[in-house]
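Going down the list, the protein sequences come from chains A and B.
Numbers given in my numbering equal positions in the first sequence, counted from 1, plus 1.
Numbers given in my numbering equal positions in the second sequence, counted from 1, plus 1.
Beta carbons: idealized from backbone N, C-alpha and C, even for Gly.
Here the structure is a predicted model, which means the values were calculated and not measured.
There are 2 protein chains.
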Amino acid sequence: MQLLKERILKDGTIKPGNILKVDSFLNHQMDIDLINEIGKEFKARFSDCPITKILTIEASGIGIACIVAQYFHVPVVFAKKAQSLNLDGEMYRTKVQSYTHKKVYDVILSKKFLTSDDHVLLIDDFLANGCALQGLIEIVRESGATLEGAGIVIEKGFQEGGQRIREMGIRLESLAIIDSMSDNSLTFRD
Amino acid sequence: MQLLKERILKDGTIKPGNILKVDSFLNHQMDIDLINEIGKEFKARFSDCPITKILTIEASGIGIACIVAQYFHVPVVFAKKAQSLNLDGEMYRTKVQSYTHKKVYDVILSKKFLTSDDHVLLIDDFLANGCALQGLIEIVRESGATLEGAGIVIEKGFQEGGQRIREMGIRLESLAIIDSMSDNSLTFRD
Numbered sequence: 002m003q004l005l006k007e008r009i010l011k012d013g014t015i016k017p018g019n020i021l022k023v024d025s026f027l028n029h030q031m032d033i034d035l036i037n038e039i040g041k042e043f044k045a046r047f048s049d050c051p052i053t054k055i056l057t058i059e060a061s062g063i064g065i066a067c068i069v070a071q072y073f074h075v076p077v078v079f080a081k082k083a084q085s086l087n088l089d090g091e092m093y094r095t096k097v098q099s100y101t102h103k104k105v106y107d108v109i110l111s112k113k114f115l116t117s118d119d120h121v122l123l124i125d126d127f128l129a130n131g132c133a134l135q136g137l138i139e140i141v142r143e144s145g146a147t148l149e150g151a152g153i154v155i156e157k158g159f160q161e162g163g164q165r166i167r168e169m170g171i172r173l174e175s176l177a178i179i180d181s182m183s184d185n186s187l188t189f190r191d
Numbered sequence: 002m003q004l005l006k007e008r009i010l011k012d013g014t015i016k017p018g019n020i021l022k023v024d025s026f027l028n029h030q031m032d033i034d035l036i037n038e039i040g041k042e043f044k045a046r047f048s049d050c051p052i053t054k055i056l057t058i059e060a061s062g063i064g065i066a067c068i069v070a071q072y073f074h075v076p077v078v079f080a081k082k083a084q085s086l087n088l089d090g091e092m093y094r095t096k097v098q099s100y101t102h103k104k105v106y107d108v109i110l111s112k113k114f115l116t117s118d119d120h121v122l123l124i125d126d127f128l129a130n131g132c133a134l135q136g137l138i139e140i141v142r143e144s145g146a147t148l149e150g151a152g153i154v155i156e157k158g159f160q161e162g163g164q165r166i167r168e169m170g171i172r173l174e175s176l177a178i179i180d181s182m183s184d185n186s187l188t189f190r191d
């Protein structure tokens with residue numbers, strides 16, 4: 002997605018440890034006009050899929066998923082990262098290792114909101130080692146829902162997550178795939 | 002907001018400890034059509050304010066804020082609840098006590114994304130004791146931005162947060178104010 006790549010080049014910054022910061026437009030401050038264009042792009046790429054629900058994980062996926070969902074006219078459901086007093090009833094549960102926060106956390110989703118009748122599109126802002134996305138995939142499998150695919154805004158193509166998920170036979174659409182990053186430059190996959 | 006009150010009565014459930022669960026449409030599964038109506042309502046109520054930025058707090062405020070922001074044509078910025086490796090530079094910091102999670106957590110916001118030029122609308126899903134909202138208000142004050150007001154989807158009017166914030170002279174618009182809750186019923190403020 003050209004508009005996104007241009008924005009990453011213009012406003013993204015690269016930090017030590019292969020960290021790409023896009024916090025001025027994607028995951029701290031959010032440029033809603035850009036995210037609407039992202040929503041249109043995901044709709045175009047998954048227009049052949051009978052999506053009934055968009056699934057994401059807190060926190061930074063939620064806003065993007067909500068904007069994207071407008072183009073599919075379906076609800077969003079987001080997996081939560083810790084037990085909350087306000088959650089009860091039966092839960093899907095899995096564990097996810099966070100690359101950013103260097104810890105393992107529990108991820109839960111109420112069984113009420115994902116069933117075998119659903120056709121699910123996963124949405125998230127980043128894909129690196131793929132742990133968060135694999136957690137969501139496990140939840141979808143446990144629910145018996147049909148996984149139509151995953152839409153990622155930025156994939157770090159030099160980490161193994163994307164390849165591993167494609168090898169599982171899952172349709173993965175990343176709007177910008179970064180093949181290499183150094184101190185002052187990055188290269189997108191064509 | 003009549004549509005919202007009807008939805009709370011239809012799909013909300015009341016749990017011990019004065020917990021109102023609206024997780025089927027507002028903060029676990031999210032009904033994007035309803036949240037768009039919420040966005041229109043906030044725009045109508047704050048149409049006289051020169052809003053430049055919408056500020057919320059992760060996690061459940063983010064999706065609502067993003068949908069609402071479309072009606073104001075401004076960016077969203079969300080305060081984060083813990084230190085992340087991907088945040089650097091100067092931060093606004095405050096502490097917030099969570100009623101739901103029974104703990105105190107640090108809340109941070111990059112100084113880049115809120116300045117004295119901004120006119121801020123705070124958005125959140127719930128207002129009960131007001132701790133989260135007061136944390137956001139502190140951040141706005143520290144930034145020197147103009148606080149135009151706060152838009153809350155559901156206020157628990159029988160807890161003290163709303164009164165305390167109104168007494169601070171802050172314009173607070175809650176789309177549904179619950180004055181009392183018992184096992185099987187709830188009463189809205191007119």
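Within the DSSP secondary-structure output, Ile155(A) pairs in a beta bridge with Phe127(A), Ala177(A). Boundaries of the beta strand (DSSP E) harbouring Ile109(B): 104-111, taken from the DSSP string.
For Asp49(A), the closest alpha carbon among the candidates Leu4(A), Met182(A), Gly13(A), Glu149(A) is that of Glu149(A). For Ala80(A), the enclosing beta strand (DSSP E) stretches over residues 77-80. Rounded to whole angstroms, the separation of the alpha carbons of Phe127(A) and Arg165(A) is 15 Å. The criterion of a C-beta distance shorter than 8 Å is not satisfied by Phe47(A) and Gly163(A).
For Gln3(A), the uninterrupted alpha helix (DSSP H) segment begins and ends at 3-12. CA-CA distance, Val75(A) to Thr53(A), rounds to 6 Å. Under DSSP, Ser25(B) shares a beta bridge with no residue. Around Ala70(B), the beta-carbon contacts reaching into chain A at under 7 Å are Ile33. When C-beta atoms of the segment 27-47 of chain A are compared with those of the segment 59-79 of chain A, three or more pairs fall below 8 Å, so the two segments count as touching. DSSP, read as helix, strand or coil, puts Leu115(A) in coil. As DSSP reads the structure, Arg94(B) sits in a beta bridge with Ile109(B).
For Phe189(A), the enclosing beta strand (DSSP E) has its first and last residue at 187-189. In the three-state DSSP reduction, Gln71(B) falls in the helix class (H, G or I).
For Pro76(A), the C-beta contacts it makes with chain B under 7 Å involve Gln30, Met31, Asp32, Ile33, in order along the chain.
Contacts with chain B at 8 Å (Cβ-Cβ) include Glu59(A). Residues of the segment 140-162 of chain B that bring their beta carbon within less than 7 Å of a beta carbon in chain A are absent altogether. Taken through DSSP and simplified to helix, strand or coil, Gln160(B) comes out as coil. Contacts between Gly64(A) and chain B, judged by CB atoms closer than 8 Å, involve Ile63, Gly64, Ala66, Cys67, Val77, Phe79 in chain order. Inter-segment contact for the segment 135-149 of chain A and the segment 7-25 of chain A is absent: fewer than three beta-carbon pairs are separated by less than 8 Å. DSSP links Thr147(A) through a beta bridge to His120(A).
A distance below 8 Å separates the beta carbons of Met2(A) and Leu176(A). A straight-line Cα-Cα distance of about 44 Å links Lys96(A) and Glu168(B).
Judged by their CB atoms, Leu5(B) and Val154(B) are nearer to each other than the 8 Å cut-off. Contact annotation, Gly90(A) with Ser61(A): C-beta distance approximately 26 Å; criterion of less than 8 Å not satisfied. The beta carbon of Gly136(B) is closer than 8 Å to those of Ile58, Ala80, Thr95, Lys96, Val97, Val108 in its chain, skipping five residues each way along the sequence.
DSSP, reduced to helix, strand and coil, places Ile52(B) outside both helices and strands of the structure shown, so it counts as coil. In its chain, beyond the 5 residues on either side, Gly64 have a beta carbon closer than 7 Å to the beta carbon of Met31(A). For Arg190(A), the number of other beta carbons within 10 angstroms of its own is below 16, and it is reported as exposed.
The C-alpha of Lys11(B) lies about 12 Å from the C-alpha of Asp24(B). Per the coordinates, the alpha-carbon of Glu139(B) lies some 40 Å from the alpha-carbon of Glu139(A). Rounded to whole angstroms, the gap between the alpha carbons of Cys132(A) and Ile55(B) is 31 Å.
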